[in-house]
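Trainee: Structure in structure tokens, see below.
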Amino acid sequence: MTTARLLPGGPVAEMILAEVADGVARLRAAGVTPALATVLVGDDEASAGYIRIKQRQAAELGFDSPHVRLPASASQADLHAVLADFNADPGVHGVLVQHPIPGGLDYDRALQVLDPDKDVDGMHPVNMGRLALGLSAPLPCTPAGIEALLAFHGVPVSGREVVILGRGATLGRPLALLLAQKRPTANAAVTVVHTGVADWPRYTRRAEILVAAAGVPGIVRPEHVRPGAVVVGGGVRYERRRLLPDVDPSCDQVAGAITPRVGGVGPVTVAMLFRNALRATRSAAGLAGQL
Ligand SMILES: NC(=O)c1ccc[n+]([C@@H]2O[C@H](COP(=O)([O-])OP(=O)(O)OC[C@H]3O[C@@H](n4cnc5c(N)ncnc54)[C@H](OP(=O)(O)O)[C@@H]3O)[C@@H](O)[C@H]2O)c1
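All residue numbers in the sequence shown are consecutive under the working numbering, ending with 495.
Listed below in structure tokens is the structure:
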């Protein structure tokens with residue numbers, strides 16, 4: 205029997221996407237057509253599927269979505285050339301490179317070629333630096349999504365003890381920076397644990413909010429959770445399309461509130477991508493803070 209209150213991401217994503225659709229409509233009414241470009245390298249079916257879903261969603265929200273598909277044989281220079289073209293095109297406001305990209309290519313190097321202001325994933329080193337300094341920037345989607353999810357469900361974060369299991373560049377590290385910022389929906393006492401902290405359960409057991417960000421299926425078990433704590437499942441691994449979350453389902457019995465196994469952080473992450481694209485368009489059009 206589940207005792208924890210569920211914290212679904214669906215309603216959060218719907219709210220954010222409705223705001224984005226409204227923002228896009230206002231921009232279009234002002235004569236600006238927001239464009240979110242997508243780049244796919246190779247013929248991995250799952251990646252192609254994810255890009256199709258994002259393109260469909262972009263179209264529904266009112267974005268133009270120019271797309272470039274490079275063959276698996278493409279070189280690093282080919283990928284950089286595509287990004288340079290999008291950088292130079294004032295009609296393109298955001299660029300998404302679907303990852304992972306084929307083995308021979310370096311995603312991080314490609315990301316560095318992208319104009320940081322068009323980086324809708326919020327992962328460009330310049331944007332990570334802006335995040336660290338508390339400057340305005342496209343925020344990394346999953347961490348920003350977790351902050352939004354907690355705020356939407358009325359989970360107080362300010363002044364509370366947050367423990368993050370994992371210090372990866374996508375999730376744990378930027379989330380720690382975000383939730384430690386001086387803002388009503390953040391402002392937390394943040395601790396990050398990882399493989400260097402052998403006795404990490406000592407920390408997670410005292411967390412008022414525990415975020416799993418390890419990518420190790422079932423690593424968070426009930427004995428790692430403080431009774432009544434809020435548990436956010438960010439880390440997942442995909443094995444043959446099966447989603448294997450970090451948080452063991454039995455944590456429902458101990459947590460006070462918990463994200464669902466499916467439909468938790470994921471949908472909010474995608475919504476944040478479009479929010480970043482909207483914001484990028486506004487600032488490129490000189491309309492930040494307006495519309
Ligand atoms: N839900 C979503 O929409 C979404 C979006 C993006 C990412 N994710 C997921 O988020 C997870 C994290 O991604 P990432 O790229 O930020 O991280 P990552 O680079 O995969 O790093 C994982 C982190 O977990 C730590 N870790 C792994 N095994 C551990 C163990 N046994 N004990 C303690 N710590 C352990 C690692 O410690 P060390 O640093 O010491 O190695 C590392 O800091 C992945 O599962 C990813 O799929 C989910």
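Here a beta-carbon is modelled for each residue, glycine too, at the ideal position from N, C-alpha and C. Quantities reported herein were computed from a predicted structural model and do not represent experimental measurements.
Shorter than 8 angstroms from the beta carbon of Pro471 to some beta carbon of chain C?
Mentor: Looking for chain C here will not work: only one protein chain is present.
Trainee: Tell me the rounded alpha-carbon separation between Met219 and Val424.
Mentor: Going from the Cα of Met219 to the Cα of Val424 covers about 30 angstroms.
Trainee: Are the beta-carbon atoms of Leu318 and Asn291 separated by less than 8 angstroms?
Mentor: yes
Trainee: Which residue comes first and which comes last in the alpha helix (DSSP H) that contains Pro215?
Mentor: 214-233
Trainee: Rounded to whole angstroms, what's the CA-CA distance from Arg279 to Ala285? Just pull it up for me.
Mentor: The sequence shown places Ser at residue 279, rather than the Arg named in the question. Answer to the nearest angstrom: the Cα atoms are 10 angstroms apart.
Trainee: Going by beta-carbon coordinates alone, are Ala402 and Ile368 separated by less than 8 angstroms?
Mentor: no
Trainee: Scan the segment 288-313 and note each continuous beta strand (DSSP E) run of 3 residues or more that stays entirely inside, going in chain order.
Mentor: Counting only runs of 3 or more residues that sit fully inside the segment 288-313, the beta strand (DSSP E) segments are 298-301, in chain order.
Trainee: Spatial neighbours of Leu383 within its chain, please: CB distance less than 7 angstroms, with the 5 preceding and 5 following residues excluded, ordered by chain position.
Mentor: Excluding its 5 nearest sequence neighbours in each direction, Leu383 has C-beta neighbours in its own chain below 7 angstroms: Glu351, Val361, Val366, Ala390, Ala392, Val394, listed in chain order.
Trainee: If I measure Cβ to Cβ from Asp282 and keep anything under 7 angstroms in the same chain, skipping five residues before and after, which residues do I get?
Mentor: Leu274
Trainee: Drop a sphere of 10 angstroms on the beta-carbon of Ile305, count the other beta-carbons inside from all chains shown, and report buried for 16 or more, exposed for fewer.
Mentor: Burial call: buried.
Trainee: Output needed for Gly422: all residues of its chain with C-beta closer than 6 angstroms, excluding positions within five of it in sequence on either side, in chain order.
Mentor: Asp452
Trainee: Which class does Val330 belong to by DSSP, given the choice of helix, strand or coil?
Mentor: helix
Trainee: Is the beta carbon of Val359 sitting closer than 8 angstroms to the one on Ala380?
Mentor: Contact flag unset, no.
Trainee: Leaving out the 5 sequence neighbours to the left and right, which residues in its chain are closer than 8 angstroms to Ala276 when beta-carbon positions are compared?
Mentor: Val245, Gly246, Asp247, Pro306
Trainee: Is the beta carbon of Ala488 sitting closer than 8 angstroms to the one on Gly460?
Mentor: no
Trainee: Taking C-alpha atoms, which residue in Glu249, Asp325, Asp456, Ala348 lies nearest to Gln385?
Mentor: Ala348
Trainee: How should Glu412 be labelled, buried or exposed, when 16 other C-beta atoms within 10 angstroms of its C-beta is the threshold for buried?
Mentor: buried
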